[in-house]
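I have placed the structure first, in the form of structure tokens, so that the comments after it can refer back to it.
Chains as they are written, first to last, in my numbering: chain A, 7 to 950; chain S, 28 to 99.
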């Protein structure tokens, strides 16, 4: 029998004072403000209910949860009645039974009588409650009803059957309170009332974002997953962590045997509290997609067809090729790239393979191209590379500054949490060239939107700081107590210079000085202020400088070290934080300790039994350059698609083609596999054990729900390569890898699978000082000691517009797709975003004779691609925007090799481009398509 | 690797440290190159500077000269 999470009917009260009452003869003590329903549930007493659920505020519409309270007349609804001291409640009197039975009978008089064949047979709340109230017969005969209402099956993942709907409003309230989209409503009155999406449209065409909160809330099966309709109810559940974005939602994979029936977000999940998005809840079908490769393959040349081989042959070939290259070109001629889509245990082993197996530090991770500036910037200013606060901290924020992030698309579950806080009254500042949804969304409007010109982040941050310093808004006590005084004085003098004033900077950023001043004043004086930022901050020539600029603002206003404040990077992929924590970067060992430190190397030399190279290795862009100059010829890429995701595709393609042994370990023949000589089939997150670390440093378990279809979990494949190269690893379970991580990494010292099973998750640092983890960092002092203000001189990018390329391209992502789209493109999420499009302002479009939907050529000095135009004023004149989810578009053909000065993180967010009408795909698209198709040929296996 | 690209990257680093007093700026650039650049990149920029292939800003040039002096 499937175990389900208990539902207490109404949310928990946060009050500290408690109240004692008596329910059915049992004395119950609960926090003040608790509902009678919840108090009963906490005492193990079930009160029948339909419209109540503990994720939503009490509503009191279904009239099933009636109780009797001594001394009070009538039969109040227990969900809307708060407890009172000394209250005596009865929940099961004859009078109540009769009333409930009557109410239930009315519901069922207009409800399909298919109890045995209903999609929720045996488990739906409606059926369970009918049983609890003891209804045995519906006496009402045929009459007006809703039984013939048509099912809305427009959404690919769930259906709405109005015949099963009792208009309890749980779906409407979930859409409002949980998701914050307000897509659903009750239309009509009385008998005609019904649930509608948008303007009475099919769900798919309404503003519904398909998060599934309504489906989860529905007690009758009117809203239900199509997978449940077709497969039936699940029989077991495995609790795991979502493998999409950096929010790291906890889910129950509800299973029938080895088949996923549905994914249900867990209420106990500390990152998501029972909420999810369209990706996590629904877009898991890629695991069974026909494109998935399940057998290892080899080929001598990238122009050859693939040949399926045994695991033994594939692994032996990899080891022989890597050793051949090292013998010919030196030990530094090969390297690895880990992925933020993989677990900590997997990325730990891949970097260990490079350091202990290859004898070099040529290990890098995809965080190179997203949040490596966060690593540099926060380590420099605060002392460690991590977000400062947990997600729940936003509940305490009075002001929220979102810069270069688009949470409703990139981090939707956190966005819902944030929107809830904004609806409660917190103020919002958005710094973004684009009018992201958060700027104006139902019941939310940003107090200030600063639509700055791409590439001027640092100038903007300096101007905000200028206002704070020159208008006397610095939290002097905080700075004096917590920060380096000399560095502060130098920084304050710098930002106070007139050249950093909003009036001067307005000309650079395009944002009026008064708007900048207003935003700075609000951030500094509006109460607790929290910063959330994304790749719009990091992916610039001055990405690291901008991160430090944000840290400067937070320190100057005393907004680090307590709930409701902080500097919080929203990590793009599920395990960006973890892959960085695990020492994936070439210059540092796990726990962000530089490879040059002998005392740190000694820890691993003892553990691994080898001497370690003290010099930093190559970063991803350096690997490409070294491949082209002939000194780097072998690469093991686990779970990453560098050809699609890295900038200047033609440069990357040339580098990949110059290598002699490229090993790709992935689910699909991705774009990188086009240039590979060995393909090792990988496993999905549903098929293995491990851990992810989300954007709030939360370490959550990934648990195996089914056997790996390819035969091995990814960590096992890395171990096979390592052992073929003589490493002698003997891990039999990922928990042993985590034990090794804990033994060697101070911030993970207290982490074990047993603890994660017990607590659900923990946030690092988790050690002797904080055995159950650390929700807020830098509470009493910064990790580095005194917080370090850093002078952040604005240096314009060398990527400039001009007559040939007069527009600025900036890139981003969309809700329904994830990163390079390898997973989400292989699900029905393509219904929402079947292709990348180019957003262009009406003025720029008109000047070029471009209409909405036209195919256009997007060209930069790096290359050109063709895609369809979307004419919208969401972008400012002079700015165009696209996503990079589809290989047919290859947006990175256009982006350039400019990168962050400190980390080489590419400048994806600023490319000078021209847009013109197009007749068809560009030459690059045509030739790449032919090459990619040719590269994916798999030799037929001869019949025996 | 392309001398121009290495020089460009090094000069970018130099610009970040440009506001510092000269000695601190040179030390900042040198430390950054040592901490984050693979030895083959460091060796190459040292060689590029010696051969005249690297067009480096004065502070960066000094930092690279120091790299060359200590890398043997």
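All residues carry an ideal CB built from backbone N, CA and C; glycine is no exception.
- Taking a C-beta distance under 9 Å as the contact criterion, residue 692 of chain A and residue 259 of chain A qualify as a contact pair.
- Comparing C-alpha distances from residue 442 of chain A to each of A:457, A:432, A:631 shows the shortest one belongs to A:457.
- Chain order gives the chain S residues near residue 797 of chain A as 46, where near means a beta carbon separation below 7 Å.
- By the Cβ-count criterion, residue 556 of chain A is buried, with 16 or more other Cβ atoms from all chains shown falling within 10 Å of its own Cβ.
- Pairing residue 181 of chain A with residue 63 of chain A, the inter-Cα distance amounts to about 12 Å.
- Within the segment 419 to 490 of chain A, the alpha helix (DSSP H) runs of at least 4 residues that lie entirely inside it are, in chain order, 463 to 476, 482 to 488.
- Shown in chain order are the members of the segment 620 to 636 of chain A whose Cβ falls below 7 Å from a Cβ of chain S: 621, 622, 623, 624, 628, 631, 632, 635.
- Counting along the chain, residue 261 of chain A sits inside the beta strand (DSSP E) bounded by residues 256 to 262.
- For residue 907 of chain A, a Cβ of chain S is located within less than 9 Å of the residue's own Cβ.
- The segment 725 to 736 of chain A and the segment 340 to 348 of chain A do not touch, with fewer than 3 CB-CB distances between them shorter than 8 Å.
- Within chain S, not a single residue places a beta-carbon under 8 Å from that of residue 450 of chain A; the smallest gap is close to 37 Å.
- By the neighbour-count criterion, in which a residue is buried when 16 or more other Cβ atoms sit within 10 angstroms of its Cβ, residue 9 of chain A is exposed.
- Residue 600 of chain A carries a strand assignment under DSSP once its states are collapsed to helix, strand and coil.
- In the three-state reduction of the DSSP assignment, residue 370 of chain A falls in the strand class.
- Taking every protein chain shown into account, the CB of residue 482 of chain A has fewer than 16 other CB atoms within 10 angstroms, so this residue is exposed.
- The shortest C-alpha to C-alpha distance from residue 395 of chain A to any of A:378, A:372, A:946, A:420 is the one to A:420.
- Listed in chain order, the beta strand (DSSP E) runs fully inside the segment 49 to 77 of chain A amount to none, counting runs of at least 3 residues.
- For residue 870 of chain A, the enclosing beta strand (DSSP E) covers residues 870 to 877.
- Take residue 829 of chain A, set aside five residues on each side of it, and the residues of its chain with a beta-carbon closer than 6 Å to its own are 292, in chain order.
- As the crow flies, the alpha-carbon of residue 487 of chain A is around 28 Å from that of residue 52 of chain S.
- Per DSSP, the continuous beta strand (DSSP E) segment holding residue 268 of chain A begins and ends at 265 to 271.
- In the DSSP secondary-structure assignment, residue 640 of chain A is bridged to A:340, A:667.
- DSSP, reduced to helix, strand and coil, places residue 685 of chain A within a strand of the structure shown.
- Beta-bridge pairing by DSSP links residue 844 of chain A to A:875.
- Within its own chain, the residues whose Cβ lies closer than 7 Å to the Cβ of residue 524 of chain A, once the five positions on either side in sequence are excluded, are 454, listed in chain order.
- Close partners of residue 551 of chain A in chain S (Cβ separation under 9 Å): 43.
- Residue 77 of chain S has a beta carbon lying at 9 Å or more from every beta carbon in chain A.
- Put simply, of A:905, A:939, A:370 the residue whose alpha carbon is nearest the alpha carbon of residue 35 of chain S is A:905.
- Here residue 32 of chain A is exposed, its C-beta having fewer than 16 other C-beta atoms within 10 Å.
- In this structure, the CA atom of residue 656 of chain A is about 11 Å from the CA atom of residue 931 of chain A.
- In this structure residue 412 of chain A is buried. Its beta-carbon is surrounded by 16 or more other beta-carbon atoms within 10 angstroms.
- Judged by their CB atoms, residue 229 of chain A and residue 221 of chain A are nearer to each other than the 9 Å cut-off.
- Residue 859 of chain A sits in coil when the DSSP states are folded into three classes, being neither helix nor strand.
- Short of 7 Å from the beta carbon of residue 42 of chain A, and not among the five residues preceding or following it, lie these beta carbons of its own chain, in chain order: 73, 84, 87, 89, 95.
- Its Cα nearest to that of residue 710 of chain A, the residue A:739 stands out among A:731, A:739, A:703.
- With a cutoff of 9 Å on beta-carbon distance, residue 676 of chain A and residue 301 of chain A are scored as not near each other.
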